[in-house]
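Heads up: the structure comes next, in C-alpha cells.
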Amino acid sequence: MAYALAPKSDPKKIVPAATSAEKATKNPAKGLTFADGAQALKPKAAPTTGEETNVHSGGYPEPKKRNKNKNKNKNRNNVVPAPTTQQNGTAPVLAPPVVEPPKPLDPLLDPAHNPDPVNEYAPNATYAKTDGVVAVKGEGEAHEIDPSDVEQGALGDCYFVAQLAAQARTNPSRILELIKDNGNGTFTVTLFLKDKAQPWKRVPTPIVVNSEFPQKDGGVAYAKPGDRSTTGPELWVMLIEKAFAKHSGSYEFIRGSKTKDGDVFAMMTGVASRSFRPASMNGDKLLETLTKALAAGQAVSFGAKSKTSADEALQAEAKTEGVVLNHAYSLIAVDAKARTVDLRNPWGVKHLMGFSIDKLIKFYDSCDVAAK
Numbered sequence: 453m454a455y456a457l458a459p460k461s462d463p464k465k466i467v468p469a470a471t472s473a474e475k476a477t478k479n480p481a482k483g484l485t486f487a488d489g490a491q492a493l494k495p496k497a498a499p500t501t502g503e504e505t506n507v508h509s510g511g512y513p514e515p516k517k518r519n520k521n522k523n524k525n526k527n528r529n530n531v532v533p534a535p536t537t538q539q540n541g542t543a544p545v546l547a548p549p550v551v552e553p554p555k556p557l558d559p560l561l562d563p564a565h566n567p568d569p570v571n572e573y574a575p576n577a578t579y580a581k582t583d584g585v586v587a588v589k590g591e592g593e594a595h596e597i598d599p600s601d602v603e604q605g606a607l608g609d610c611y612f613v614a615q616l617a618a619q620a621r622t623n624p625s626r627i628l629e630l631i632k633d634n635g636n637g638t639f640t641v642t643l644f645l646k647d648k649a650q651p652w653k654r655v656p657t658p659i660v661v662n663s664e665f666p667q668k669d670g671g672v673a674y675a676k677p678g679d680r681s682t683t684g685p686e687l688w689v690m691l692i693e694k695a696f697a698k699h700s701g702s703y704e705f706i707r708g709s710k711t712k713d714g715d716v717f718a719m720m721t722g723v724a725s726r727s728f729r730p731a732s733m734n735g736d737k738l739l740e741t742l743t744k745a746l747a748a749g750q751a752v753s754f755g756a757k758s759k760t761s762a763d764e765a766l767q768a769e770a771k772t773e774g775v776v777l778n779h780a781y782s783l784i785a786v787d788a789k790a791r792t793v794d795l796r797n798p799w800g801v802k803h804l805m806g807f808s809i810d811k812l813i814k815f816y817d818s819c820d821v822a823a824k
C-alpha cells in the first residue's frame with residue numbers, strides 16, 4: 453500500500469533572507485519534526501463493518517472533496533450575510549436529529565427467518581410448530597442422543613442424516629454440545645461451516661432456529677421426531693437439519709445432488725473427515741480399519757454405489773440382499789471374527805445386520821471416517 457509522505461523542501465528555490473524587522477515580528481520557518489513525519493506515514497483507519505463509504509483502491513474510504521463554491525454566489529455579486537442570532541436576538545433553528553435506520557438482523561441469527569420448506573418430494577410443504585425438547589433418553593438407550601433417533605423423511609439428504617446417526621453411535625455428547633435451548637421457543641445450533649475467505653478452514657457458526665418444521669400430509673415432512681417425553685418429542689435431528697437448510701438457503705439445497713458441503717462429520721467436529729473406497733483394501737484390512745475407528749470413537753458412514761454405476765445384474769443382486777443403491781448407511785458394529793458389519797439405514801428400517809465384509813466391498817464405493 454502506498455503511503456503519503458511528508459513534503460520535502462526544494463533546494464533550488466531561493467528564499468530571501470528575512471529583515472531584522474521581519475525577524476522581530478515573525479516566527480522563523482520551522483522544518484518537519486520526527487513526529488510530523490511519523491504522523492504523515494500513519495495509514496488511515498479502515499472502515500468498520502457495515503460502514504457506508506466510497507471505497508477506492510486500497511480499501512480505505514475516499515476523502516471527501518471540499519466544495520469550493522460553498523457560500524459563494526453564482527453571479528459573483530456582493531451578498532449581505534444573514535444576521536446572526538446575536539444580531540437579531542432570535543433563537544437558532546435546530547435541524548431535526550438524524551435517526552439511523554436499524555441494521556437488519558443477520559438471517560442466520562433471526563429465529564423468524566425460516567428456510568424455504570418446499571422440496572421436490574414435498575412441493576406444497578408449509579410450516580407448523582412442533583413443541584418438544586432437544587433430546588430424550590428413550591427406553592434401552594445408553595444416551596439421550598442415539599442412532600435410533602434418526603429417521604429420514606421426504607428429502608434426499610441420506611448422506612446428512614446417516615452421518616448424524618453415525619456420530620450419535622460414537623460420540624453423542626458432541627452432538628448435544630451443538631444445540632442450545634434458548635428457553636424462548638428458539639434454539640441455537642452451532643455448526644462448523646466453511647470460512648468464506650478460507651474455505652479449507654471451518655469456523656463455528658451459530659444458527660438460530662425455531663421449532664417450526666415443514667409439514668406434509670398432516671405430519672413432519674423431513675427428518676422425524678425421535679423419542680417422546682412428557683413435554684413432547686425430541687427434536688435434535690430436526691433442529692440440526694433445519695439449521696443446515698437455513699445456512700444453505702432452503703431444504704431443497706441440502707439434497708445430496710445439490711449440496712455444496714457433504715462433509716457432515718466436519719460440520720460437527722470442525723475437522724475434515726477421511727474418505728476412501730472400500731475396494732482399495734482387502735477384507736481383512738478393511739475390518740481392521742473399521743474396528744480401530746469405532747474403538748477410537750470415530751464415526752463411520754458408507755455410500756452405496758449408484759444405479760448408473762451398477763449393471764443390471766448388480767442391481768438385481770443388491771435388491772435381493774436388501775441394499776438400497778445410491779444411499780448412505782451408518783456403521784453401528786464390526787465383528788472381525790465373523791467378518792461382518794452392522795449397517796443402519798437412516799430410514800429407520802431395512803438395516804443390514806451381519807452383512808459380510810465382502811458384500812460391503814462389492815456394493816459400496818465410498819467410506820467416510822470422522823475425526824475423533
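453 is the number of the first residue of the sequence shown in the numbering used here; add one for each residue after it.
Ideal placement from N, C-alpha and C gives every residue a C-beta, glycine not left out.
Limits of the unbroken alpha helix (DSSP H) element including residue i
i: residue 650; result: That residue, residue 650, is in no alpha helix (DSSP H); it is neither H nor E in DSSP.
i: residue 812; result: 809-815
i: residue 721; result: 716-721
i: residue 695; result: 688-700
Backbone CA spacing between residue i and residue j [nearest angstrom]
i: residue 816; j: residue 737; result: 16 Å
i: residue 756; j: residue 572; result: 22 Å
i: residue 600; j: residue 635; result: 26 Å
i: residue 628; j: residue 717; result: 14 Å
i: residue 580; j: residue 565; result: 14 Å
i: residue 785; j: residue 808; result: 12 Å
i: residue 569; j: residue 558; result: 20 Å
i: residue 669; j: residue 552; result: 46 Å
i: residue 793; j: residue 722; result: 27 Å
i: residue 633; j: residue 639; result: 5 Å
i: residue 764; j: residue 589; result: 44 Å
i: residue 646; j: residue 656; result: 9 Å
i: residue 746; j: residue 622; result: 7 Å
i: residue 732; j: residue 821; result: 15 Å
i: residue 803; j: residue 796; result: 5 Å
i: residue 666; j: residue 674; result: 7 Å
i: residue 598; j: residue 805; result: 17 Å
i: residue 790; j: residue 742; result: 14 Å
i: residue 508; j: residue 650; result: Below a pLDDT of 50, predicted positions are generally treated as unreliable, and residue 508, at 33, falls in that range; the measurement from the model is reported next regardless. About 24 Å.
i: residue 783; j: residue 577; result: 32 Å
Helix, strand or coil at residue i according to DSSP, with G and I counted as helix
i: residue 600; result: helix
i: residue 747; result: helix
i: residue 731; result: helix
i: residue 752; result: strand
i: residue 491; result: Its pLDDT being 44, under 50, residue 491 is placed unreliably in this model, and the coordinates cannot settle the point.
i: residue 558; result: coil
i: residue 820; result: strand
i: residue 632; result: strand
i: residue 741; result: helix
i: residue 547; result: coil
i: residue 713; result: coil
i: residue 613; result: helix
i: residue 618; result: helix
The beta strand (DSSP E) enclosing residue i, as first and last residue numbers
i: residue 706; result: Run containing residue 706: none; DSSP gives neither H nor E here.
i: residue 783; result: 780-787
i: residue 624; result: That residue, residue 624, is in no beta strand (DSSP E); its alpha helix (DSSP H) goes 624-629.
i: residue 771; result: Per DSSP, residue 771 belongs to no beta strand (DSSP E); it is in the alpha helix (DSSP H), 764-773.
i: residue 795; result: 792-796
i: residue 579; result: 578-581
Identity of the residues DSSP links to residue i by a beta bridge
i: residue 643; result: 657
i: residue 662; result: 638
i: residue 671; result: 668
i: residue 571; result: 574
i: residue 804; result: 795
i: residue 726; result: 821
i: residue 585; result: 686
i: residue 681; result: 684
8 Å contact criterion, which residue i and residue j should meet: CB distance rounded
i: residue 780; j: residue 614; result: 4 Å
i: residue 618; j: residue 753; result: 5 Å
i: residue 567; j: residue 681; result: At roughly 26 Å, the Cβ-Cβ gap does not stay under 8 Å, so residue 567 and residue 681 are not in contact.
i: residue 812; j: residue 730; result: 6 Å
i: residue 585; j: residue 686; result: 6 Å
i: residue 611; j: residue 714; result: 6 Å
i: residue 637; j: residue 708; result: Their Cβ separation, rounded to whole angstroms, is 31 Å, which puts residue 637 and residue 708 out of contact at 8 Å.
i: residue 620; j: residue 602; result: 7 Å
i: residue 661; j: residue 563; result: 6 Å
Neighbour flag for residue i against chain D, beta carbons, 7 Å
i: residue 639; result: You won't find chain D in this structure, because it holds only one protein chain.
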